[in-house]
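Each residue of the sequence shown is one higher than the last, beginning at 31 in this note's numbering.
We treat Cβ as the ideally placed atom computed from N, Cα and C, and that holds for glycine.
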Amino acid sequence: MSTEAESETETPNPTGTAGAPPTMPCTVVWSRGRPYVLEGGSGRPRWMGTDTRGRPEALTRADLQRRGWSYRRAS
């Protein structure tokens with residue numbers, strides 16, 4: 031098992047500056063230091079997370095793409 035190979039498949043967009051967010055429900059991505067989970071339920075899929083005050087925040091795929099995202103939390 032190679033760590034390098036895993037990181038390449040897990041992080042196709044390490045900087046979050048290009049590319050579209052994933053479309054698999056329950057996928058977790060990070061944007062601006064906060065985690066967001068893709069909820070698929072009925073209706074349109076949305077990325078759910080919290081704002082800086084801990085309030086629920088829903089983002090569209092376009093919002094997340096504009097803000098930048100990655101599979102890993104920025105350090």
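If we define contact as Cβ-Cβ less than 8 Å, is Arg102 a contact residue for chain C? Within the model displayed, chain C is absent; a lone protein chain is all it includes.
First and last residue of the uninterrupted beta strand (DSSP E) at Arg76: 76–80
Can you check whether the CB of Leu89 is closer than 8 Å to the CB of Arg102? no
Give me the Cα-Cα distance between Arg83 and Val58, rounded to the nearest whole angstrom. 20 Å
So, under 8 Å CB-CB, Arg96 and Pro51 are touching, yes? Tell me the CB distance rounded to an integer number of Å. With a Cβ gap of about 11 Å, Arg96 and Pro51 do not count as contacting.
Length at least 4, wholly inside the segment 49–105: the alpha helix (DSSP H) runs in chain order: 91–97
Given a threshold of 16 other Cβ atoms within 10 Å of its Cβ, counted over all protein chains shown, does Ser72 qualify as buried or as exposed? exposed
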